[in-house]
Ligand SMILES: [Fe+2]
Ligand SMILES: [Fe+2]
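Numbering (the working numbering), first residue to last: 581 to 984.
In C-alpha cells:
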C-alpha cells in the first residue's frame, strides 16, 4: 500500500481530529492528501520489497507467566543497548495537595463511563503484541519523508548504503525515546492527579490512566531496547515542559500541561507515525497507545470544563503564558537537534533544513490540530493566546472539532 493511500485512509486515523460535517471531512482529507503529496514529491516511497525477514528460530520463550491461546511471549534475543548521553536518576521537589473524598457515589456519569471504557479496553504490552517480529533498525521504521533533512542537499550527500541507514536508526530512536520519556512524565503526572483531584470519579479514572501510561512506558522501552538498541535522552524542550507540569502545585496545570498539551501533541504525532510506519510492530504499538491517549485527552477536557469561566487577572495570565510557552516547546521538540551532533552532521545546516522542510512544517502544524480546538473549548482562546497561536501559525485549527 502506498504512503499516499495510507495517509488518505481516514477510517484508521483516530489520532487526527474528527471534523464537523462533510466540509470538515473534506478539509482533513485534503490536509492529509497534502501530506501524502509532499511525501511523494520528495520521493519518499518506501521500498515495499524490503520486508523484514522472518523471525529467527532462536527465540526466548517467557515461562514465568501463564500462557493462553493469544499469548505471544516469544521475542528475539535482546540487542546490546547504546545510550546517547544517558541522564542520571533525578529527584524533583513537588509540593502537592492530597484530597480525600468520602463520598464514593458517582456524580460525574461521563467520567464513570470513561473509567468503564478503560477497563474494557485494557491491553497487555507483553502478550497482545507480537514481539517475535524481527525489526531492522536501519530500515524505515519512520518513513524517510519525516526525517527533518529528507530531500535536502545534506540528505543527497549522504552515503545511501551506510550513512542513511545509520541516520534512520538515530531518528527512529530519537522520536520513540521522546515518546518513552513523555510517557514516564504522563505516568507521574497522572499519579499526582489521583491524589490531588477532589472527586472519587476523577480519582478512579485517573488510576486507570496511570496503568495505561505504565503499559505505554513498557511498550516503548521494550521496543527501543530489543528492536532499536539505542536510546536518546529527553529533548531539552520536552524535559523543561515535564519539569514544569510535575512541579507546579496547581492541579489544573497538570491537566492543562499533560492531558491537553503534551497528549494532544502526542496524538497528532502518533497518528502520523501510525499512518506512515511500514514496520508492523511499531504500527500496532502506536495504534493501541492512540486508543488510550484519546481517552486521556477527553479526561482532561471533561475535568477542566468550566474551570476557567470568570477567571481573570494574574491567575488567567499564568495559564495564558503557560499555554503559549508550552506550545513553543512542543513545536520545537520535533526538530531533532540532539541527533545531528551525535551522528556527525553539521548542526546549523541541519537545523535550518529541518525548519525549511515542507513536510516538517506540515507535520509540526498538524500536531496542534487537537490542542487549538480543545483550548478554545475550555474558554482559554483569549486574545493573548490567539496571538500566540497566530505566531505559531496554527490558529487555523480553531474551527476543527475538539477531542473528547
Ligand atoms: Fe501515554
Ligand atoms: Fe496518556
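Backbone N, C-alpha and C define an ideal beta-carbon position, used for all residues, glycine too.
Since the structure is predicted, the reported quantities are computational estimates derived from the model, not experimental observations.
Give me the Cα-Cα distance between residue i and residue j, rounded to the nearest whole angstrom.
i            : j           : result
residue 723  : residue 678 : 45 Å
residue 818  : residue 762 : 7 Å
residue 829  : residue 764 : 19 Å
residue 720  : residue 742 : 14 Å
residue 918  : residue 941 : 19 Å
residue 979  : residue 872 : 24 Å
residue 858  : residue 752 : 12 Å
residue 767  : residue 827 : 14 Å
residue 809  : residue 662 : 6 Å
residue 870  : residue 975 : 24 Å
residue 969  : residue 821 : 18 Å
residue 912  : residue 876 : 23 Å
residue 740  : residue 734 : 12 Å
residue 965  : residue 955 : 9 Å
residue 715  : residue 861 : 8 Å
residue 991  : residue 959 : No answer is possible for residue 991: it lies beyond the span of the chain, which begins at 581 and ends at 984.
residue 738  : residue 835 : 43 Å
residue 967  : residue 682 : 43 Å
residue 563  : residue 922 : Within the shown structure, residues of the chain are numbered from 581 to 984, placing residue 563 beyond reach of any answer.
residue 962  : residue 718 : 45 Å
residue 972  : residue 901 : 14 Å
residue 1007 : residue 666 : Outside the displayed range of the chain (581 to 984) lies residue 1007, so it cannot be described from this structure.
residue 797  : residue 759 : 9 Å
residue 945  : residue 795 : 28 Å
residue 756  : residue 953 : 26 Å
residue 899  : residue 824 : 12 Å
residue 660  : residue 791 : 28 Å
For a test of your reading of the model: does the CB of residue i fall under 8 Å from any non-hydrogen atom of ligand 1? Yes or no.
i           : result
residue 846 : yes
residue 817 : no
residue 761 : no
residue 792 : yes
residue 869 : yes
residue 663 : no
residue 796 : yes
Exercise. Below 8 Å, can you find three or more Cβ-Cβ pairs linking the stretch 884-900 to the stretch 683-695?
Worked result: Output reads no: the stretch 683-695 does not touch the stretch 884-900.
Exercise. Is the stretch 838-856 touching the stretch 941-951, taking contact as three or more C-beta pairs under 8 Å?
Worked result: By the C-beta criterion, the stretch 838-856 is judged to be in contact with the stretch 941-951, since at least 3 inter-stretch pairs fall below 8 Å.
Problem set entry | Lining residues of ligand 2 - beta-carbon closer than 5 Å to any non-hydrogen atom, in sequence order | Residues close to ligand 2 by the beta carbon criterion (under 5 Å to any non-hydrogen atom) are, from first to last along the chain, 766, 843, 873, 876.
Problem set entry | Validate contact between the stretch 874-883 and the stretch 836-844 using beta carbons, cut 8 Å, 3 pairs | Flag = yes, the stretch 874-883 and the stretch 836-844 touch.
For this session: Decide yes or no for the touch test of the stretch 798-815 against the stretch 776-790: beta carbon pairs closer than 8 Å, at least 3 of them.
Result: Between the stretch 798-815 and the stretch 776-790, the count of Cβ pairs shorter than 8 Å is below three; the stretches do not touch.
For this session: Decide yes or no for the touch test of the stretch 701-718 against the stretch 898-918: beta carbon pairs closer than 8 Å, at least 3 of them.
Result: Counting Cβ pairs under 8 Å, fewer than three are found: no touch.
Exercise. Is the stretch 919-936 close to the stretch 727-747, with three or more CB pairs under 8 Å?
Worked result: These segments touch.
Exercise. Do three or more CB pairs link the stretch 861-868 to the stretch 918-930 at distances below 8 Å?
Worked result: With contact defined as three or more Cβ pairs closer than 8 Å, the stretch 861-868 and the stretch 918-930 are not in contact.
Exercise. Which ranges does the beta strand (DSSP E) cover as unbroken runs of at least 3 residues, wholly within the stretch 673-757, from first to last along the chain?
Worked result: DSSP runs (the beta strand (DSSP E)) wholly in the stretch 673-757: none.
For this session: Would you be able to state if there are at least three C-beta pairs under 8 Å between the stretch 767-775 and the stretch 748-756?
Result: Short answer: they don't touch.
Problem set entry | Unbroken stretches of the alpha helix (DSSP H), 4 residues or longer, contained in the stretch 795-874 | Inside the stretch 795-874, DSSP marks whole alpha helix (DSSP H) runs of 4 or more residues at positions 816-827, 831-834, 843-856, from first to last along the chain.
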